[in-house]
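Under full-length UniProt numbering, the residues of the sequence shown are numbered 1 to 293, in order. So the structure is just underneath, and the comments pick up after that.
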Amino acid sequence: MSKTTYDQSSLAEQDDDSNTSSSSVVIDASDILPSYNHEKIANSVVEQFFCELKTHDDGTKSAKCLLCHSIVKKSTTSTYNYGRYVYRKHKKETNKWKLALDTKKSNNSPKQSTVQQSFGQRRLSLSIVDHPEFLRVMNTIDPKFTVLSRCTLCHQAIPSALEQVMMKVKQPCSEAQFVALTMDTWSDRRIRTFIAITMHTFAKNDDSFQNYLFTFQPLSGSHTGDNLRCQLEGAIANFNIEEKLVRIVTDNASNNLKAFDELVIPGFEVYFEPEDDEHDDETENDEREENDE
Numbered sequence: 001m002s003k004t005t006y007d008q009s010s011l012a013e014q015d016d017d018s019n020t021s022s023s024s025v026v027i028d029a030s031d032i033l034p035s036y037n038h039e040k041i042a043n044s045v046v047e048q049f050f051c052e053l054k055t056h057d058d059g060t061k062s063a064k065c066l067l068c069h070s071i072v073k074k075s076t077t078s079t080y081n082y083g084r085y086v087y088r089k090h091k092k093e094t095n096k097w098k099l100a101l102d103t104k105k106s107n108n109s110p111k112q113s114t115v116q117q118s119f120g121q122r123r124l125s126l127s128i129v130d131h132p133e134f135l136r137v138m139n140t141i142d143p144k145f146t147v148l149s150r151c152t153l154c155h156q157a158i159p160s161a162l163e164q165v166m167m168k169v170k171q172p173c174s175e176a177q178f179v180a181l182t183m184d185t186w187s188d189r190r191i192r193t194f195i196a197i198t199m200h201t202f203a204k205n206d207d208s209f210q211n212y213l214f215t216f217q218p219l220s221g222s223h224t225g226d227n228l229r230c231q232l233e234g235a236i237a238n239f240n241i242e243e244k245l246v247r248i249v250t251d252n253a254s255n256n257l258k259a260f261d262e263l264v265i266p267g268f269e270v271y272f273e274p275e276d277d278e279h280d281d282e283t284e285n286d287e288r289e290e291n292d293e
């Protein structure tokens, strides 16, 4: 820490009281000159490397460099002179700051992902991103963060996120040897019908039991067996598990029984063969006659 010493004996001629004794006054220079904060990551060159911004009578502006305490002037509204000065005089510190700033800005991607997930998980209206109040809040949180418009969310961000999720689900489907499905339908209080289909399998690496949601969407039309079978066959074809499906679990509602009446799971054809009750009765009668004899 540098120290600046002022000898008061040099002021003896101006102050009669100091003629009899002289003393030293020690001032800490760090209390006078602002220091550069190496841990700070500002969003602009001016905020990072300069202080004491002033506007002079002739219209020019100046600022003091935090690294060398030099006064840098500029005549326009652009901060180009400030950036050029620190890059020429303090190139090492400038490059270090730029690298840290790029890392900070790269965090925008997780922020965008968080915004997208909040709309899906909290069922928020997409129009909220266009509201001035929402934009003001986001600008207060991070002025450098760019909020996606409603159009971009609808046509780019959300479809892209959906595609990424679909790829994550299709990966275990392609690796699994056998899979089982569960399906259910229901109506809410507003008589809106929904259908959900889930897949269950074992992980390829550690044989852990895993569950995946294939589809959860409104079911148009009535709960007919044909409609349910169409939804199920679409999910099976979409994830390419026709040859891996070994079980389908659902309730015993009549529409479910009708939906699966014509469905035959590969490898389990024998279980879907119709039972011949008359043949069974004849066989039982023959066995009884043989026992009587």
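We treat Cβ as the ideally placed atom computed from N, Cα and C, and that holds for glycine. Just so it is clear, the structure is predicted and the values come from calculations on it, not from any experiment.
In the DSSP assignment, find the unbroken alpha helix (DSSP H) run with residue i in it and report its ends.
i: residue 49; result: 45 to 49
i: residue 60; result: That residue, residue 60, is in no alpha helix (DSSP H); it is neither H nor E in DSSP.
i: residue 135; result: 132 to 141
i: residue 179; result: Careful: residue 179 lies outside any alpha helix (DSSP H), inside the beta strand (DSSP E) at 179 to 187.
i: residue 86; result: 80 to 89
Evaluate residue i with the Cβ neighbour count: other Cβ atoms within 10 Å of its Cβ, from every protein chain shown; 16 or more gives buried, anything less gives exposed.
i: residue 127; result: exposed
i: residue 68; result: exposed
i: residue 185; result: buried
i: residue 231; result: buried
i: residue 167; result: exposed
i: residue 141; result: exposed
i: residue 304; result: Here the chain covers residues 1 to 293 and nothing more, so residue 304 does not appear.
i: residue 241; result: buried
i: residue 57; result: exposed
i: residue 244; result: buried
i: residue 19; result: Because residue 19 carries a pLDDT of 43, less than 50, the predicted location of this residue cannot be relied on, and the following value inherits that uncertainty. By the 10 Å Cβ count, residue 19 comes out exposed.
i: residue 236; result: buried
i: residue 6; result: At residue 6 the pLDDT is 42, less than 50, meaning the model places this residue with poor confidence; the figure from the coordinates comes in the next sentence. By the neighbour-count rule (16 or more Cβ atoms within 10 Å), residue 6 is not buried but exposed.
i: residue 156; result: exposed
i: residue 164; result: exposed
i: residue 125; result: exposed
i: residue 53; result: exposed
i: residue 192; result: exposed
i: residue 48; result: buried
Do the CB positions of residue i and residue j come within less than 9 Å of each other?
i: residue 178; j: residue 187; result: no
i: residue 92; j: residue 82; result: no
i: residue 65; j: residue 89; result: yes
i: residue 146; j: residue 180; result: no
i: residue 129; j: residue 162; result: no
i: residue 173; j: residue 138; result: no
i: residue 169; j: residue 214; result: yes
i: residue 135; j: residue 41; result: no
i: residue 175; j: residue 144; result: no
With 9 Å as the threshold, decide whether the Cβ of residue i is near any Cβ in chain B.
i: residue 233; result: Among the chains of the structure shown, chain B does not appear; only one protein chain is present.
Could you give the C-beta distance for residue i and residue j, rounded to a whole number, given that I count them as a contact under 8 Å?
i: residue 255; j: residue 228; result: 6 Å
i: residue 46; j: residue 79; result: 5 Å
i: residue 196; j: residue 216; result: 5 Å
i: residue 225; j: residue 259; result: 4 Å
i: residue 72; j: residue 85; result: 5 Å
For the beta strand (DSSP E) that residue i lies in, which residues bound it at each end?
i: residue 165; result: Element bounds for residue 165: not the beta strand (DSSP E) but the alpha helix (DSSP H), 158 to 175.
i: residue 74; result: 71 to 74
i: residue 200; result: 193 to 202
Minimum length 4: unbroken alpha helix (DSSP H) runs contained in the region 208 to 259 = 225 to 238, 254 to 259
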